[in-house]
Amino acid sequence: PILNVPSDIAFLLDAQPETTTEAVLIAALREATEEVKGLKQRVVELQASNILNEAYCNKLRFQLAMKEEKSKAKGQKKGKLMGDGLPRMLTSDKFHEQVVQFTEWKRKDEEG
């Protein structure tokens with residue numbers, strides 16, 4: 055390096071400038087120091103936010119896994135005739151057969 059600058063430059067912030075250029079440089083150094091402090095604070099805030107988000111995602115992941123296990127234990131249909139949410143034409147023979155099968159399944163499920 056050209057200049058031998060110490061790692062702790064805080065003492066420069068309190069130095070009395072002898073020229074206009076030094077005054078401008080000290081002012082710029084103060085601004086840069088404040089900006090660095092703000093950025094460090096923002097990094098800490100983002101890390102804390104990330105930790106909280108990770109904990110929340112883990113909680114949701116656990117809840118989803120439990121819900122999936124519960125739905126597998128109860129069976130695929132979960133008491134719904136059409137479990138995929140798609141619209142159906144209600145007059146077809148295929149649908150009527152599904153209604154009959156569903157009714158039988160529901161009756162057996164309630165008995166056993």
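The letter at position 99 of the sequence shown is residue 153 when you use this note's numbering, and the numbering goes up by one with no holes. A virtual CB, placed ideally from N, CA and C, is assigned to each residue, including glycine. These numbers come from a predicted model, not from an experiment.
Rounded to the nearest angstrom, the gap between the Cα atoms of Lys162 and Lys113 is 35 Å. Per DSSP, the unbroken alpha helix (DSSP H) holding Leu66 starts and ends at 64 to 67. Taking the C-beta atoms as reference points, Leu83 is found nearer than 8 Å to Leu66.
Ala81 and Thr87 have their C-alpha atoms spaced approximately 10 Å apart.
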